[in-house]
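If you read the sequences in order, they're chains W and S.
Using the numbering used here, the letters of the first sequence map in sequence onto residues 897 to 1017.
Using the numbering used here, the letters of the second sequence map in sequence onto residues 897 to 1017.
Cβ atoms here follow ideal geometry from the backbone N, Cα and C, with glycine treated the same way.
As the structure is a computational prediction, the values presented were derived from the model and not from experiment.
So the structure is just underneath, and the comments pick up after that.
Number of protein chains: 2
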Amino acid sequence: MLNEIEKYKVLGEQTRFRIVMVLLKASKELCVCELEDILNVPQYNVSKHLSLLKHAGLLEERKEGKLRMYKIKDDNQFNKILFKSMDSIKAVSDETLKQDLVNLQKRLALRKNDRVVVTRN
Amino acid sequence: MLNEIEKYKVLGEQTRFRIVMVLLKASKELCVCELEDILNVPQYNVSKHLSLLKHAGLLEERKEGKLRMYKIKDDNQFNKILFKSMDSIKAVSDETLKQDLVNLQKRLALRKNDRVVVTRN
DNA sequence: TCAATATATGCTTATATTGGCATATATGTT
DNA sequence: AACATATATGCCAATATAAGCATATATTGA
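Written out as structure tokens, the structure is:
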């Protein structure tokens, strides 16, 4: 399938959409356990969805010790516009999404010098 | 589900993506039978996919006699950006998509004064 | 080297999606 | 009114997807 179609497809699922939205709002890489904590989704699901997002070419992964850091991959025009479309969603009226963003801030506050020190919460 | 997620989802399927791409390149409304002819997809499938696209808020429908005309719905910021992302897909290297666009031109050439006169081909 | 931790992955089941086919509906035509 | 045509839709079977659970892998630290 055309890679761009794949990108729309993977974004068209609630959990994956939430992951990407959180990473966009974070503007920095997050590890799996942080996402798990922010989204309140089991680790194995977060990992699976991250894998799909990565293979579709929307995210990048980097190893850092025991952790795997994931971040937005916007090194091409298509991705940039796609993320811009997500950014244009004003109505984060959705309760789940709203809570995700609150949890994101809480999680980031647990970092020390912007480094992950608390894993599961 | 958040309406925007639904929009990504419906675009994340080959046939629906093709429909939208053809409508974008056409820059005008097309009827079901034209799309059927252009895409080489059975009428019932074209209709079903059009229905999903309409309900997701990506297309508009208008009755014209026996025909139902479908067109791009870009009356909001999110849709505009989404369609822009499709427009940015340079690599219409995909053979199917390339053929669709050829067929689109052939079908449009069958119109008389920009009105549909030939139905199934 | 052993244990603990972070993450990934295989298997199974539940659910959703898609296509095919038949048929219903609506509109125009004779 | 009967018929033809354009389109939509209900049902079924095939396939794809997602969650849950158990477990494998990799890395760190004792």
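Next item on the list: Find the nearest neighbour of S/M982 within the set S/L898, S/C927, S/M897 and S/K903, judged by alpha-carbon distance.
Entry: Numbered from 1 along the second sequence, position 86 holds the residue referred to as residue 982 of chain S. Looking at the Cα atoms, S/K903 is the closest of the given residues.
Notebook entry, point to check: Cα separation between W/E932 and W/E925?
Noted result: Within the first sequence, numbered from 1, the residue matching residue 932 of chain W stands at position 36. Within the first sequence, numbered from 1, the residue matching residue 925 of chain W stands at position 29. Roughly 14 Å separates the two Cα atoms.
Item checked: When W/I985, W/D970, W/Q995 and W/L963 are compared against W/R1011, the one with the closest alpha-carbon -> To locate residue 1011 of chain W, count along the first sequence from 1; it is residue 115. For the residues W/I985, W/D970, W/Q995 and W/L963, the minimum Cα distance to W/R1011 belongs to W/L963.
Margin query: Please return the same chain residues whose Cβ sits closer than 7 Å to the Cβ of W/R912, not counting the five positions on each side in sequence.
Written below: The residue given as residue 912 of chain W occupies position 16 in the first sequence. So the list reads V906, H945, L948 and L949, once near-sequence residues are dropped.
Check: For S/E932, which three-state DSSP category applies?
Finding: Stepping through the second sequence from its first residue, residue 932 of chain S is reached at position 36. Residue state, collapsed to three classes: helix.
Note to self: Is it buried or exposed, W/V1014, if we count other Cβ atoms within 10 angstroms and call 16 or more buried?
What the structure shows: Residue 1014 of chain W sits at position 118 when you count from the first residue of the first sequence. Exposed.
Next item on the list: Taking S/Y940 as the query, report the chain W residues whose CB atoms sit under 7 Å from its CB, ordered along the chain.
Entry: Position 44 of the second sequence, counting from 1, holds the residue named residue 940 of chain S. The contacting residues do not exist; S/Y940 stays about 22 Å from chain W at best.
Item checked: alpha helix (DSSP H) segment containing S/M982, residue limits -> Taking the first residue of the second sequence as 1, we reach residue 982 of chain S at position 86. Q973 to D983 is the extent of the alpha helix (DSSP H) around S/M982.
Next item on the list: Take S/E991 as the anchor and find which of S/M897, S/N899, S/E900 and S/Q910 has the nearest alpha-carbon.
Entry: Numbered from its first residue, the second sequence carries residue 991 of chain S at position 95. For the residues S/M897, S/N899, S/E900 and S/Q910, the minimum Cα distance to S/E991 belongs to S/Q910.
Next item on the list: Give the range of the alpha helix (DSSP H) segment to which S/R1003 is assigned.
Entry: Position 107 of the second sequence, counted from the start, is the residue given in the question as residue 1003 of chain S. E991 to A1005 is the extent of the alpha helix (DSSP H) around S/R1003.
Check: Is there a Cβ from chain S that is less than 8 Å from the Cβ of W/K980?
Finding: Reading the first sequence from its first residue, position 84 is the one you call residue 980 of chain W. So yes, W/K980 belongs to the interface.
Check: Which residues bound the alpha helix (DSSP H) around S/E1042?
Finding: Missing from the structure shown is residue 1042 of chain S; chain S here goes from 897 to 1017 and no further.
Check: From S/K967, S/K1008 and S/N972, pick the residue whose C-alpha is nearest to that of S/C927; which is it?
Finding: Residue numbering aside, residue 927 of chain S sits at position 31 when the second sequence is read from its first letter. That would be S/K967, whose Cα lies nearest to the Cα of S/C927.
Check: Based on Cα-Cα distance, which residue from W/L920, W/L935, W/G953 and W/N936 lies nearest to W/L898?
Finding: Counting from 1 along the first sequence, the entry for residue 898 of chain W is found at position 2. Checking every option, the nearest Cα to that of W/L898 belongs to W/G953.
Checklist line | W/V858 burial status per 10 Å Cβ neighbour count (16 or more: buried) | finding: No answer is possible for residue 858 of chain W: the residues shown for chain W start at 897 and end at 1017.
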